[in-house]
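There are 2 protein chains.
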Amino acid sequence: MSVGIRHDDLRRRNRAMVISAVRRAGQPSRTEIAATTGLSHSTISAISADLIQEGILTESKASEPTALKRGRPQIGLALNPEAAAVLTVVLSLNFLSVAVIDYAGQVVAEEQQRLDTLVMPRDELIGECVAIVRRRLQDPDLDIGSVARIAMGIQGITDSHARAMLWSPITPLTDIPFADILEKEFGISATMENDCNMMAVALQWRDPERYRDDFIAILLSHGIGMGLVLKGALFTGTHSSGGEFGHMIHRPGGALCRCGRRGCVEAYAGNYAIWRSAMKMSEDAEPVDVGDADMRALAAKARERDGPEREAYRRAGEALGFGLGSLFALIDPAPVAMVGVSAAAFDLIEPALREAIAQTAGGQHSESISFDTEPNELPLIREGCAMRALTFVDQEIFAPGGQARVGTGKNVA
Amino acid sequence: MSVGIRHDDLRRRNRAMVISAVRRAGQPSRTEIAATTGLSHSTISAISADLIQEGILTESKASEPTALKRGRPQIGLALNPEAAAVLTVVLSLNFLSVAVIDYAGQVVAEEQQRLDTLVMPRDELIGECVAIVRRRLQDPDLDIGSVARIAMGIQGITDSHARAMLWSPITPLTDIPFADILEKEFGISATMENDCNMMAVALQWRDPERYRDDFIAILLSHGIGMGLVLKGALFTGTHSSGGEFGHMIHRPGGALCRCGRRGCVEAYAGNYAIWRSAMKMSEDAEPVDVGDADMRALAAKARERDGPEREAYRRAGEALGFGLGSLFALIDPAPVAMVGVSAAAFDLIEPALREAIAQTAGGQHSESISFDTEPNELPLIREGCAMRALTFVDQEIFAPGGQARVGTGKNVA
DNA sequence: CACTATTTTTTTGAGGCTCGAAAAAAAGCC
DNA sequence: GGCTTTTTTTCGAGCCTCAAAAAAATAGTG
Numbered sequence: 287m288s289v290g291i292r293h294d295d296l297r298r299r300n301r302a303m304v305i306s307a308v309r310r311a312g313q314p315s316r317t318e319i320a321a322t323t324g325l326s327h328s329t330i331s332a333i334s335a336d337l338i339q340e341g342i343l344t345e346s347k348a349s350e351p352t353a354l355k356r357g358r359p360q361i362g363l364a365l366n367p368e369a370a371a372v373l374t375v376v377l378s379l380n381f382l383s384v385a386v387i388d389y390a391g392q393v394v395a396e397e398q399q400r401l402d403t404l405v406m407p408r409d410e411l412i413g414e415c416v417a418i419v420r421r422r423l424q425d426p427d428l429d430i431g432s433v434a435r436i437a438m439g440i441q442g443i444t445d446s447h448a449r450a451m452l453w454s455p456i457t458p459l460t461d462i463p464f465a466d467i468l469e470k471e472f473g474i475s476a477t478m479e480n481d482c483n484m485m486a487v488a489l490q491w492r493d494p495e496r497y498r499d500d501f502i503a504i505l506l507s508h509g510i511g512m513g514l515v516l517k518g519a520l521f522t523g524t525h526s527s528g529g530e531f532g533h534m535i536h537r538p539g540g541a542l543c544r545c546g547r548r549g550c551v552e553a554y555a556g557n558y559a560i561w562r563s564a565m566k567m568s569e570d571a572e573p574v575d576v577g578d579a580d581m582r583a584l585a586a587k588a589r590e591r592d593g594p595e596r597e598a599y600r601r602a603g604e605a606l607g608f609g610l611g612s613l614f615a616l617i618d619p620a621p622v623a624m625v626g627v628s629a630a631a632f633d634l635i636e637p638a639l640r641e642a643i644a645q646t647a648g649g650q651h652s653e654s655i656s657f658d659t660e661p662n663e664l665p666l667i668r669e670g671c672a673m674r675a676l677t678f679v680d681q682e683i684f685a686p687g688g689q690a691r692v693g694t695g696k697n698v699a
Numbered sequence: 287m288s289v290g291i292r293h294d295d296l297r298r299r300n301r302a303m304v305i306s307a308v309r310r311a312g313q314p315s316r317t318e319i320a321a322t323t324g325l326s327h328s329t330i331s332a333i334s335a336d337l338i339q340e341g342i343l344t345e346s347k348a349s350e351p352t353a354l355k356r357g358r359p360q361i362g363l364a365l366n367p368e369a370a371a372v373l374t375v376v377l378s379l380n381f382l383s384v385a386v387i388d389y390a391g392q393v394v395a396e397e398q399q400r401l402d403t404l405v406m407p408r409d410e411l412i413g414e415c416v417a418i419v420r421r422r423l424q425d426p427d428l429d430i431g432s433v434a435r436i437a438m439g440i441q442g443i444t445d446s447h448a449r450a451m452l453w454s455p456i457t458p459l460t461d462i463p464f465a466d467i468l469e470k471e472f473g474i475s476a477t478m479e480n481d482c483n484m485m486a487v488a489l490q491w492r493d494p495e496r497y498r499d500d501f502i503a504i505l506l507s508h509g510i511g512m513g514l515v516l517k518g519a520l521f522t523g524t525h526s527s528g529g530e531f532g533h534m535i536h537r538p539g540g541a542l543c544r545c546g547r548r549g550c551v552e553a554y555a556g557n558y559a560i561w562r563s564a565m566k567m568s569e570d571a572e573p574v575d576v577g578d579a580d581m582r583a584l585a586a587k588a589r590e591r592d593g594p595e596r597e598a599y600r601r602a603g604e605a606l607g608f609g610l611g612s613l614f615a616l617i618d619p620a621p622v623a624m625v626g627v628s629a630a631a632f633d634l635i636e637p638a639l640r641e642a643i644a645q646t647a648g649g650q651h652s653e654s655i656s657f658d659t660e661p662n663e664l665p666l667i668r669e670g671c672a673m674r675a676l677t678f679v680d681q682e683i684f685a686p687g688g689q690a691r692v693g694t695g696k697n698v699a
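Quick note, the sequences are listed as chains U and S, same order. First residue of the first sequence? That's 287 in the working numbering, and the numbers climb one at a time after it. First residue of the second sequence? That's 287 in the working numbering, and the numbers climb one at a time after it.
What follows is the structure in structure tokens.
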């Protein structure tokens with residue numbers, strides 16, 4: 287908070303700014319960069335010359351049809367794909383996937399694998415993750431030295447420093463310091479990210495028009511998760527990844543949640559909760575895993591006739607609506623992206639959701655709150671992990687110099 | 287987000303850093319400032335020489351007994367009280383108070399006044415606020431030219447730019463642009479702040495040990511309000527002052543809230559709600575104003591015997607507990623300060639609150655969550671307004687130069 | 001095809017800022 | 001009074017950004 291700016295930080299920050307402008311814009315010319323950053327042409331010229339010389343950027347002359355204007359044509363700057371690579375690891379229920387991504391953001395290799403996360407012992411789970419990463423790193427096509435960062439994403443709660451998985455619904459194991467494990471094993475800096483946070487990061491890159499400064503990504507799957515971006519920055523808890531929207535209280539003392547408590551939003555809106563309700567089982571019934579196919583069949587049945595299935599989705603919508611209402615009371619309304627298998631059934635959820643939200647203070651202009659849906663969360667999570675790792679490389683590896691101030695007030699996060 | 291750092295910004299930021307270090311530490315020496323900011327001695331020396339020359343800081347030689355050490359004695363730097371002044375205006379239910387505060391933070395004049403906020407027409411309410419400010423500014427002891435900022439605080443919702451009151455429980459009027467009104471009237475820059483946010487700001491200055499990076503200030507009064515500090519910064523909504531904890535949903539479709547909706551936390555924990563419940567009135571009964579004396583009497587009776595009064599406080603505690611549980615699910619647990627007349631009855635509220643919070647995901651370590659109480663909110667609100675105004679002067683008036691980049695990529699918020 | 005207009009990029013010199021090292025200042029200690 | 005210790009100031013070096021000028025690269029024009 288109260289640490290001064292050193293003279294050498296200046297160049298570092300402006301380097302980072304230029305790299306970030308190129309990553310965001312694709313192939314901007316120097317003039318464009320000068321415009322978006324507010325720096326002078328001479329500064330941009332000097333910095334980009336450095337970056338090209340170091341192999342971080344390249345001039346991409348032969349680009350577009352340049353809209354034949356008069357004057358010296360602009361030279362597009364692009365990220366050099368070979369400047370570095372990052373590796374993403376996504377661990378979800380019974381499924382592990384890894385991808386290698388070049389510096390320009392293109393996937394260059396990937397591998398997927400099924401495994402029984404729910405019953406695997408600790409050593410084995412860790413071992414499988416390490417093994418799949420090792421296989422990718424041993425790929426002869428890959429220059430292992432260029433892999434600069436590993437970002438791992440997992441469903442569940444991670445710590446606020448993105449180092450460890452604290453708790454996850456996909457395994458009974460807790461407190462696995464995946465980031466440290468991967469770093470020690472491969473000597474490559476790593477992070478352990480929360481799945482919904484990565485969804486939010488990915489949405490921000492995919493559609494910056496709609497998802498820019500303030501928005502919410504909600505995962506409607508077995509459990510209910512949330513990634514929240516406020517004022518352009520990812521929101522996290524003070525100690526954990528935070529944003530446990532699914533465990534806000536919908537009805538005190540109500541239905542049994544997978545977390546062992548009662549009345550959470552998830553206990554009404556998670557897949558298992560919708561299933562339980564549709565099957566007319568007790569609210570105290572132990573949560574069970576429901577496959578995606580079963581959920582799709584359930585949604586189909588609910589669309590077909592007005593029965594307990596439709597009522598189950600209605601109740602899910604109500605829980606989500608009141609939960610969002612409470613959330614909006616705190617942060618004001620914002621666009622929402624519904625992600626996951628039950629997002630495909632959002633037509634069944636939306637009416638009750640809107641009705642509930644309209645009864646809350648946060649829903650004052652509930653008609654204007656817009657929802658978008660995306661049934662497949664895995665690609666989003668991987669994309670988010672990739673962008674997270676790449677922007678880390680941009681800022682901390684290719685624009686260094688602000689080495690954690692040794693003197694005093696460091697902990698800059 | 288993506289705006290470069292200009293060369294001249296550097297000095298401006300480091301100037302601001304030095305001023306802020308002095309305001310925080312009281313009478314630090316140049317060496318201490320160098321240590322806390324991480325800047326070199328030469329830089330601190332140069333900047334503080336400028337600031338002294340400009341009359342912003344003063345050397346306070348004849349200070350402490352300096353613990354007679356060897357070596358050249360440290361020279362304490364202090365804020366020059368005459369460098370500027372700020373004015374605070376706090377408007378609460380039937381009460382208006384104004385204070386003039388010097389640059390070092392000392393109150394140099396104040397004035398208070400009763401008025402019927404609930405029934406005053408718009409012109410009159412605005413007129414009274416303007417009039418009391420004018421009287422203070424006309425004080426012959428005050429150099430009007432030195433008044434650099436006005437900070438007004440009000441109970442209710444303000445916009446996120448701190449310009450206008452959007453809605454307030456103390457008046458049926460809405461959307462009063464107080465900041466603009468005061469600026470036009472007096473030609474002094476002004477803001478319109480939310481009362482609970484100012485409470486939080488004040489706590490951060492009063493007790494930085496306890497209230498530093500993450501904490502919550504909750505106003506237990508007629509209504510329920512909240513000020514939230516996360517990662518050291520005041521949290522606000524995306525469009526309004528946000529943090530409307532009192533209007534999170536406790537029981538969907540439940541008791542009637544003053545906001546016209548049902549089941550809000552406030553409808554169980556606001557003074558009127560506790561009163562309604564203790565008097566065994568219907569949950570649909572229209573909220574009424576209850577005086578502080580009546581509330582104290584109610585609390586006394588609740589302590590005396592186990593009757594409907596005690597039950598009313600229990601229900602308030604339950605609502606607050608589940609609300610906090612939901613909040614903690616989002617941001618993780620943090621220290622809480624309970625402020626306002628019902629904070630004096632926190633002994634009656636706490637047991638049920640802790641019981642409720644323990645049933646939520648956010649309350650996993652509920653024993654370790656600590657509560658502090660402060661029955662009187664008005665001094666806190668004034669203090670917060672004063673510090674807000676003073677730090678604005680510190681940063682924007684005495685460390686300028688970063689004038690809203692004219693060129694292009696502005697909208698820096 | 002030479003020449004002009006236009007736009008982008010690079011070069012150059014000036015001015016500022018911070019830093020480290022050395023010097024100066026201001027005490028206590030013997 | 002001289003010596004030690006600690007704080008503060010001074011000074012030159014090294015960077016960084018900026019504005020202005022120069023260079024580069026193309027389209028239009030007769």
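Glycine is no exception: its CB is placed at the ideal position from the N, C-alpha and C atoms. Remember, predicted model here, so these are calculated numbers, not experimental data.
Buried or exposed (CB count within 10 angstroms, at least 16 for buried), residue i
{"i": "glutamine 441(U)", "result": "buried"}
{"i": "alanine 417(S)", "result": "exposed"}
{"i": "glutamine 490(S)", "result": "buried"}
{"i": "glycine 577(U)", "result": "exposed"}
{"i": "leucine 365(S)", "result": "buried"}
{"i": "proline 494(U)", "result": "exposed"}
{"i": "glutamine 689(S)", "result": "Its pLDDT being 37, under 50, glutamine 689(S) is placed unreliably in this model, and the coordinates cannot settle the point."}
Residue-chain proximity (residue i, chain S), Cβ-Cβ < 8 Å
{"i": "alanine 685(U)", "result": "no"}
{"i": "cysteine 550(U)", "result": "yes"}
{"i": "glutamate 636(U)", "result": "no"}
{"i": "arginine 547(U)", "result": "yes"}
{"i": "threonine 677(U)", "result": "no"}
{"i": "serine 454(U)", "result": "no"}
{"i": "alanine 630(U)", "result": "no"}
Selection from the options that minimises the alpha carbon distance to residue i
{"i": "valine 701(U)", "options": "Asp336(U), Glu396(U), Gly357(U) and Arg358(U)", "result": "With chain U represented from 287 up to 699, any question about residue 701(U) goes unanswered, as that position is not in the structure."}
{"i": "methionine 485(U)", "options": "Ala638(U), Arg299(U), Val622(U) and Gly523(U)", "result": "Val622(U)"}
{"i": "phenylalanine 531(S)", "options": "Tyr554(S), Asp592(S) and Asp336(S)", "result": "Tyr554(S)"}
{"i": "proline 458(S)", "options": "Pro359(S), Ser383(S), Glu636(S) and Leu411(S)", "result": "Leu411(S)"}
{"i": "glycine 324(U)", "options": "Gly290(S), Ser334(S), Arg562(S) and Met565(S)", "result": "Gly290(S)"}
C-beta neighbour in chain U for residue i, strict 8 Å
{"i": "histidine 533(S)", "result": "yes"}
{"i": "cysteine 482(S)", "result": "no"}
{"i": "valine 289(S)", "result": "yes"}
{"i": "glycine 529(S)", "result": "yes"}
{"i": "asparagine 300(S)", "result": "yes"}
For residue i, the first and last residue of its enclosing alpha helix (DSSP H)
{"i": "valine 487(U)", "result": "481-492"}
{"i": "glycine 607(S)", "result": "594-617"}
{"i": "glycine 413(U)", "result": "408-423"}
{"i": "alanine 672(S)", "result": "663-678"}
Boundaries (first-last residue) of the beta strand (DSSP E) holding residue i
{"i": "arginine 435(S)", "result": "433-440"}
{"i": "lysine 381(U)", "result": "Position check: residue 381(U) holds phenylalanine in this sequence, whereas lysine was assumed. That run of the beta strand (DSSP E) goes 381-388."}
{"i": "threonine 585(S)", "result": "Residue identity check: residue 585(S) is alanine in the sequence provided, not threonine. Alanine 585(S) -> not in any beta strand (DSSP E); alpha helix (DSSP H) instead, spanning 578-590."}
{"i": "glutamate 397(U)", "result": "393-400"}
{"i": "glutamate 552(S)", "result": "Note, glutamate 552(S): premise wrong, no beta strand (DSSP E); alpha helix (DSSP H) at 552-555."}
Residues that residue i contacts on chain U, provided the C-beta gap is smaller than 8 Å
{"i": "proline 538(S)", "result": "His536, Arg537, Glu604, Phe608, Ala642 and Gln645"}
Neighbour list for residue i in chain S, Cβ cutoff strictly below 7 Å
{"i": "histidine 525(U)", "result": "Asp618"}
Chain-ordered chain S contacts of residue i [CB-CB under 8 Å]
{"i": "alanine 450(U)", "result": "Here the premise fails: no neighbours, minimum Cβ distance about 15 Å."}
Per-residue contacts from residue i into chain S (C-beta, under 9 Å)
{"i": "alanine 488(U)", "result": "Under the 9 Å cutoff, chain S gives no residues; its nearest Cβ is about 18 Å from alanine 488(U)."}
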